[in-house]
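Single-structure report; data block below.
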Amino acid sequence: MTKVYWFSLFTFLLIGGQAIGQNKLNFGRTVRQPVNELPRSKSTQDILKRKAYQSVSGKLSLDDDGNFLLSGGWEMIEGYKLAGRGMSLWDIQTNASEWYNAVVPGTVLTTLVEQSVYPDPYYGLNNLFIPDTLCRMDWWYRISFAVPQDNNDSDYQILLNGINYKADVWLNGSRLGTINGAFKRGIFPVNDLLDKQGLNTLAIHVFPPNNPGIPFEETKEWFGGNGGALCLDGPTFISSEGWDWIPGIRDRNIGIWQDVRLMRVGDVIMEDPQVITDLPLPDTTYADITIKIPLVNNTTEEQIFFVNGKIGNVSFSQKVTLNPLERKEICFTSEKFEQLRFQNPALWWPNGYGAQALYKLNLTVIRDNQALQTKNIRFGIRELSYKLMAQTPDKRNVRFQYSPTDVEEKGKTLFNYKKRIAIENPAFPQVVIPTLADGTIRYLQEEVNQSENPFLTICVNGKPIFCRGGNWGMDDGMKRVTRERLEPYFRLHKDANFTMIRNWTGESTEELFYTLCDEYGLLVWNDFSLSTQGYNLEPLDDELFLSNARDIVLRFRNHPSIAIWCPRNEGYAPDILEDGFQEIVNTVDGTRHYHGNSRCLNLCPSGPWHYIDNQLEYLTERANGFSTELGAPSVPTVETLRKFIPEEDLWPIGDVWYYHDLHYESFDWKNYIRDVEKLGMAPSRSADEFCSRAQFLNYNLYRNMFETWNQKMWNYASGLLLWMSHPAWPSVIWQVYSYDYETHGAFYGAKKACEPIHVQWNSVNGKLQVINTTLGKISNAKASFKIYNLKGQKLYEEKISVNLDANGLTDCMEVFVPSEINELSLIRTQLLDRKGHTISYNDYWVNPAAPSNFSALQKGGKAKLQLKSKKIKKTEERILIQAEIKNNSDLVATGIKVNVRDKESGQALLPVYVSEGYFNLLPGECKRIDIEMPEKQGNKEFYLSFDEWIR
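Numbering (our numbering), first residue to last: 125 to 1075.
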């Protein structure tokens, strides 16, 4: 039965473009699983005691724009309790102990876990002990605060930056209005209701989605149906009903999940300014800056004022007159303000292509020498352009390049995704292209090279970007999205040499996500919150969905990292939404490409997501075009497993593993486990052995996926995004690091393949290649191919001098393992600069006699390694360690992993950023390792440790 269900799901995924009635789509479960079918743990359940209520005064924190963040003193209570005798919403003294001290920003579950009402759902099977009724009831939040006395002359608004799913907003007993949808702001004038001398109480009544669905609890046999009825209520966090990478989150992430602010405004309100940067590509020696500012006169009188702007040392100002209640957009352009033509600007580049230069724009509304409102906006100077193929009105399939910024007819729809065409190329049988609207061709520059290439290429500042990165299903399963929690994940993406993150179904849509992508140079492929066409349900309220989508584009359009707006995961939007998305992107943004599908449309099909035991298949069958999803299992280290799997459940593999996404009957997990075990001389006797061996497999899997695309760089191959790079909770599948910031084999395999200048060898065609994704040429380099046995004795060597073009692929030579070498061997490829310094090296283990047998790596035991700290440097933000490790034995040391550990507990300190991992050392070989620790780790005594995989 399980296999039949899995086959049905797979069939649905393949036919996503077909129109299927809602009644045939995935509504999820209609009844809960019987208790005897639920996963079981061998450990005992901890007994919790709820924290005692504490009276905490409301706290207002001043932000950079002169507004106030309501950051402390929040309380939360179940809606039904307020109907009880003696309960009061507005009397903050009566029965206050019935309220929870709330975490805001945060979800209902975040508060209940923090208050010790329920256990940590990420540990073991704790999630099963949290009732699924949390998402089927309403909740009240409240905060009491006083208005700062030095601001009594100001007018105010209440700003809610994000609630889920719906809320009524009240102040001092008066209803302000409603906010609906997870991604739309609520802005409410409150000046007439504020008590500027006394205490104010803001109350927010949060309602759950209408269709929260019934989650499937993952078992050995099945992971569930990927969502369900909750999709009807989009825009929301649709995966929180449960997906194949996360269980059902019991509150469906309802609550005040983003911050709440008290905004100072005046008679004139400045809404959402837009900054547009335009380069005369391919020339980048100057940039024209355009600033659009919507202004609203909130009074019944004419208003005359100035809007002043400043970017660094560049200032500009404009006098404005607004009629009573008038709304008008003003513009600052380089034509009228010549100082807005920036000469030799510092450009924003994706990671590895250049620096992430960011500018700060300060805008102030001034009347009678008084500042009515201030906004600070961070932006980057860069221009996006795109290469792809479409069909012209005269039926020609044309590959072209275009920049949305250069489209003079603002709001014009260029591409018709409803009328799409199969390209009828046998090499790409599933690829389709859009048709062009009339009058579009004048904005396109036809491409002469690779005119038959249908695939999307993204360009920044006129340079094609070889997009490599991964999908984020959700930043955190409980939407705990502070900078402290999230920033290390972005740093790890940068360190892995990634250039793109896909915000899958828009579930990580918040200011901080885009801010960190800006800072770390990570382009964003941004979906709206729809999932697979033909399988998942369509939202019921199109107007609600489009209003949330409009606010997303309006709020985040100034972030230089956002490269693509996409309607959904795996499919085309319903016609009403498609028309709405096109109108929103073209009129509200106008600087980015809207792409009508995340697969097959100028892209290759998504997947596969399962383990492929014959990894040569990646090289021979998988590398084409731009793929937004390609994945494989990725078991973390045993130290990470111990943080979320009780010791009683750690070995053998059992229900707790299955609940944390080891889908034994799906995604070829059985073969993954089989091949992990084949790495040893005998089956694993513990989780320690199993996880150690798994890193060998993980490293090679994730390196191979990226090297598959590398081998065809710009030869009909322009991008690969992993499914997935980031885990939303403690998982054993689809990740390059684990939720605790530990970097296991998958991370270092991906990091190796994605290094900016990378040497690699293709065992199928024998090509030794160098991939240079930098914008600089390299002359007189030397590439080598060497083979060593397990004792480190050199068996074979080939060398060649090469010149490397910028941002391109160089075929150095063809070289194969000689027929006389039939033992397990280490192949080391290396690239040296003209002075003999290593630019890149890359090791491959091969066994010509038995290609899948690496068990001989266990022979001889562990190598004798010497590790010492060579240099320690402390700054205000981090601790830098320069370590050196040497192999003092007479055999090759394999898969060496270095950790920084707490001296007292022996636990790995995380996050810590280590330059290399799972590397090999020849006998007598030394390697320098650079380690960076956040400064907060410096209060602990630490030491460096190392280990080898398999042995």
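The beta-carbon is built from N, C-alpha and C at its ideal position, and this holds for glycine as well.
Could you give the first and the last residue of the continuous alpha helix (DSSP H) run that contains residue i?
| i | result |
| --- | --- |
| residue 618 | 607-619 |
| residue 678 | 666-680 |
| residue 848 | Element bounds for residue 848: not the alpha helix (DSSP H) but the beta strand (DSSP E), 841-850. |
| residue 782 | 779-783 |
| residue 444 | Looking at the DSSP string, residue 444 is not in any alpha helix (DSSP H); the run it does join, the beta strand (DSSP E), is 438-446. |
| residue 869 | 869-877 |
| residue 234 | 232-238 |
| residue 282 | Unbroken run through residue 282 is the beta strand (DSSP E), 279-284; no alpha helix (DSSP H). |
| residue 796 | 793-802 |
Just to confirm my understanding: we take residue i, look at its own chain, exclude 5 residues before and 5 after, and list those with CB closer than 6 Å. What are they?
| i | result |
| --- | --- |
| residue 125 | Only weak support exists for where residue 125 lies, its pLDDT of 38 falling under 50; the value from the coordinates is given anyway. Result list for residue 125: empty, nothing under 6 Å. |
| residue 683 | 638, 642 |
| residue 372 | 339, 365, 366 |
| residue 466 | 411 |
| residue 294 | 327 |
| residue 925 | 906 |
| residue 1039 | 1053, 1054 |
| residue 1049 | 1011 |
| residue 833 | 747, 841, 844 |
| residue 963 | 881, 955, 957 |
| residue 735 | 756, 757, 792, 795, 796 |
| residue 769 | 780 |
| residue 1073 | 816, 819, 820, 1019 |
Tell me, to the nearest whole angstrom, how far the beta carbon of residue i is from that of residue j; I am working on the premise that it is less than 8 Å.
| i | j | result |
| --- | --- | --- |
| residue 197 | residue 267 | 5 Å |
| residue 593 | residue 559 | Actually they are not in contact, since the Cβ atoms of residue 593 and residue 559 sit about 30 Å apart, beyond 8 Å. |
| residue 932 | residue 838 | 7 Å |
| residue 779 | residue 737 | About 25 Å separates the two Cβ atoms, so there is no contact after all. |
| residue 875 | residue 621 | 6 Å |
| residue 602 | residue 234 | 5 Å |
| residue 649 | residue 626 | 4 Å |
| residue 503 | residue 399 | 4 Å |
| residue 415 | residue 485 | 7 Å |
| residue 979 | residue 802 | 7 Å |
Quick one: give me the first and last residue of the beta strand (DSSP E) that residue i is part of.
| i | result |
| --- | --- |
| residue 909 | 902-912 |
| residue 968 | 962-970 |
| residue 811 | Here residue 811 belongs to no beta strand (DSSP E); instead the alpha helix (DSSP H) covers 811-834. |
| residue 556 | 556-560 |
| residue 689 | 686-690 |
| residue 484 | 483-491 |
| residue 932 | 932-938 |
Note down, in chain order, each residue of its chain lying with its Cβ closer than 7 Å to the Cβ of residue i, except the 5 sequence neighbours on either side.
| i | result |
| --- | --- |
| residue 942 | 920 |
| residue 514 | 522, 539, 557, 558, 559, 560 |
| residue 605 | 599, 634, 636 |
| residue 209 | none |
| residue 545 | 515, 556, 557, 559 |
| residue 297 | 214 |
Give every residue of the same chain whose Cβ lies closer than 8 Å to the Cβ of residue i, excluding the five residues on either side of it in the sequence, and list them in chain order.
| i | result |
| --- | --- |
| residue 1076 | The structure shown has nothing for residue 1076, since the chain only spans 125 to 1075. |
| residue 1062 | 998, 1003 |
| residue 938 | 889, 890, 891, 892 |
| residue 506 | 401, 403, 471, 472, 473, 584, 585, 684 |
| residue 677 | 689, 708, 709, 712, 713 |
| residue 1064 | 1026, 1027, 1028, 1033 |
Take every Cβ of the region 808-828, pair it with every Cβ of the region 574-586, and state whether three or more of those distances are shorter than 8 Å.
no
Every unbroken beta strand (DSSP E) inside the region 1010-1053 [3 residues or more]:
1017-1026, 1043-1045
Between the region 539-554 and the region 718-737, are three or more C-beta pairs nearer than 8 Å?
yes
With three or more beta-carbon pairs closer than 8 Å as the criterion, would you say the region 221-230 touches the region 367-385?
yes
Touching by the beta-carbon criterion (3+ pairs, under 8 Å), the region 436-452 and the region 533-541:
no
Minimum length 3: unbroken beta strand (DSSP E) runs contained in the region 345-427:
384-389, 392-394, 398-402, 410-421
Does the structure place the region 805-814 close enough to the region 353-365 that three or more beta carbon pairs sit under 8 Å?
no
Is the region 967-974 in contact with the region 989-1002, if contact means three or more CB pairs nearer than 8 Å?
no
What ranges does the alpha helix (DSSP H) occupy inside the region 497-529, keeping only unbroken runs of at least 4 residues that lie completely in it?
none
Is there contact here, the region 692-704 with the region 478-493, by at least three beta-carbon pairs under 8 Å?
no
Within the region 556-602, ranges of the beta strand (DSSP E) (whole runs, at least 3 residues)
556-560, 581-584, 587-589, 591-596
Please confirm if the region 236-243 is in contact with the region 318-332, defined as three or more CB-CB distances below 8 Å between the two stretches.
no
Stretch pair the region 662-669 + the region 700-717: three plus CB contacts closer than 8 Å
yes
Where in the region 976-1009 do unbroken runs of the alpha helix (DSSP H), each at least 4 residues long, occur, reported from the N-terminal end onward?
none
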